[in-house]
Amino acid sequence: MQPLLVLLVFGQMRLSVSQNLMYHFINGPKSWAEAQTFCRKHYTDLATVNHMRDLERLRAAADGQTDVWIGLYQTSDKLADRKWHWSQPEVKYNEAEAEWWTGEPNDGEGVAPESCVAISSDKKWADAPCHWTCYFVCYDETSNTTVLIQDHKTWLEAQQYCRANHTDLMSGPDQQRLFECSAFSCLDSTGRWRYPWLWIGLSRDNWGWSDGSDSSFRNWKTEVNPLSKKCAALVDQGQWESEDCGEKKPFVCYDDLVILVKEKKTWKEAYDYCKQNYCNLAWFLNYETLKKLAQEKAELADTEFVWVGLFYSCAMKTWMWVNGHYVSNDNDNWKHPGSENVCSVAGAMERAGEHMWVKINDQEKHNFICLR
Ligand SMILES: *[C@@H]1O[C@H](CO)[C@@H](O)[C@H](O)[C@H]1NC(C)=O
Ligand SMILES: *[C@@H]1O[C@H](CO)[C@@H](O)[C@H](O)[C@H]1NC(C)=O
Ligand SMILES: [Ca+2]
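Heads up: the sequence shown runs through residues -18 to -1, 1 to 354, numbered per mature numbering (1 follows the signal peptide of the UniProt record, and there is no 0).
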């Protein structure tokens, strides 16, 4: 790489990171569509929110302002286009693992839409109207356990409860396997299932993000009106409401510095792709913010590792970042610091756990992380 380019890239990145320019609050009120056009012109797009940590950053950017457009909108007005997703955004819905009761989901047999899911005995799933009030099951990440809450709540109230007091509503078959009914004495003295229905963290909607990302994170305050109000606004406490898209509101744009590309490529292919479409494969040096953003992206990858801009220079016998800086073989981000190197390796980040850097064959194909 040419030295001038290195400096240029380096300078730009420092500016952005020190200002932490992920979300940009724009005070001039616009309709949702006008806000989308503005964000696409000046930034990446209207704000996408992937999880609670993003939401906290977004709220900080909005500096306490409420009634603010975000990038979520109703992508279709057909109920048939609703898609299932788990409340905990890190857990992806997989139709092959679905455990529906026979005849479910039946969507209320056309009488009233059923977009939320509850379990009964045998832990099989049934769709039900979200405004029903049921007991529910939270998942608690800290203790890796499920918690049965014996309190009647609507699905949204149950979600709010679980997110405030535990991690989220129980999401996905792995968590459901932890839910041992016997431990909660689910049968009453006559041997009957004690709880008619328990909410779990599965629901469906026909909403999507302006930038087309597949984030399933939702934080609705009240059940959305599917008829007229088709755009999402941040209201109080970080919760969202559906609003009339023509209303003029301030809005939040999103400037994605760190981009996860969910394609499987070799290290060199990934490098070329980032160069062509963005700026470079991701490098962090001492930028903790960048590293953290990359780690959060890595968690959304389809592959166990994601390529980052670390390569082994055989000629110089040293590890380097793609922007030309050296990386010590003893750097404590390496999973195996100090281990011997061979010529055909490049650096990737683990998707899970501590997101350590690993040295793997550069011909392996993985998702990868670019910087804009
Ligand atoms: C939670 O516990 C289950 C069962 O003991 C285990 O299989 C799973 O790996 C644990 N998950 C986490 C995130 O620790
Ligand atoms: C958290 O749990 C407490 C105690 O059960 C409850 O009073 C409170 O409402 C819960 N928080 C939310 C947001 O539901
Ligand atoms: Ca049903």
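All C-beta atoms in this analysis are idealised placements derived from N, C-alpha and C, irrespective of residue type, glycine included.
- With a contact defined as Cβ atoms closer than 8 Å, asparagine 262 and glycine 291 qualify at about 6 Å.
- Counted as a single uninterrupted DSSP element, the beta strand (DSSP E) harbouring histidine 134 occupies residues 127 to 135.
- Per DSSP, the unbroken alpha helix (DSSP H) holding glycine 154 starts and ends at 154 to 160.
- Between tyrosine 117 and isoleucine 131, the C-beta gap is smaller than 8 Å, which places the two residues in contact.
- Setting aside the 5 residues that flank it on each side, valine 50 is surrounded in the same chain by Phe7, Ala44, Ala215, Leu216, Lys231, Pro232, Phe233 and Val234, each with a C-beta closer than 8 Å to its C-beta; the list follows chain order.
- Boundaries of the alpha helix (DSSP H) harbouring cysteine 256: 249 to 259, taken from the DSSP string.
- Following the DSSP letters along the chain, one finds phenylalanine 20 inside the alpha helix (DSSP H) bounded by residues 14 to 24.
- Linking histidine 318 to glycine 329 through their CA atoms gives a straight-line distance of about 12 Å.
- Residue state for alanine 94 is assigned as coil, using DSSP reduced to three classes.
- Looking only at Trp316, Arg22, Lys341 and Leu54, the smallest Cα-Cα distance to serine 198 is reached by Leu54.
- For lysine 12, the closest alpha carbon among the candidates Cys21, Tyr5 and Val206 is that of Cys21.
- Not one heavy atom of ligand 2 is found less than 7 Å from the C-beta of tyrosine 121.
- Judged by DSSP secondary structure, glutamate 38 falls within the alpha helix (DSSP H) whose first and last residues are 34 to 44.
- For ligand 2, no non-hydrogen atom lies closer than 7 Å to the CB of glutamine 219.
- Comparing C-alpha distances from histidine 67 to each of Trp316, Asn201, Ser185 and Gln219 shows the shortest one belongs to Ser185.
- Counting only the Cα atoms, alanine 94 lies some 18 Å from tryptophan 179.
- For cysteine 213, the closest alpha carbon among the candidates Gln221, Trp189 and Lys203 is that of Trp189.
- Segment contact: the region 239 to 255 against the region 311 to 325, fewer than three CB-CB distances shorter than 8 Å; contact not assigned.
- About 14 Å separates the beta carbons of glutamine 157 and threonine 124, which is beyond the 8 Å limit, so they are not a contact pair.
- When C-beta atoms of the region 268 to 277 are compared with those of the region 217 to 230, fewer than three pairs fall below 8 Å, so the two segments do not count as touching.
- A Cβ-Cβ distance of about 52 Å is found for the pair threonine 204 and glutamine 345, leaving them out of contact under the 8 Å criterion.
- One alpha carbon belongs to isoleucine 182, the other to proline 87, and they sit about 14 Å apart.
- For alanine 146, the distance from the CB to the nearest heavy atom of ligand 2 is below 7 Å.
- Around ligand 3, the residues selected by a Cβ distance under 7 Å to any of its heavy atoms are Glu86, Pro87, Asn88, Asp89, Gly90, Glu96, Ala108, Asp109 and Ala110, following chain order.
- Nearest to tryptophan 301 by alpha-carbon distance, out of Val119, Ser321 and Glu278, is Ser321.
- Here the alpha carbons of alanine 110 and serine 326 stand approximately 54 Å from one another.
- In the assembly as shown, glycine 10 is an exposed residue. Its beta-carbon has fewer than 16 other beta-carbons within 10 Å.
- Per DSSP, the continuous beta strand (DSSP E) segment holding glutamine 56 begins and ends at 50 to 56.
- Taking the CA atoms as reference points, glutamine 70 sits about 44 Å from lysine 299.
- Contact check for asparagine 349 and aspartate 284: beta-carbon distance about 6 Å, within the 8 Å limit, so the pair qualifies.
- The continuous beta strand (DSSP E) containing threonine 300 extends over residues 300 to 303.
- In this model, alanine 140 and glutamine 221 are separated by some 14 Å (Cα to Cα).
- Under the three-state reduction of DSSP output, arginine 145 falls in the helix class.
- Between arginine 333 and the set Cys98, Ala280 and Asp36, the nearest pair of CA atoms involves Ala280.
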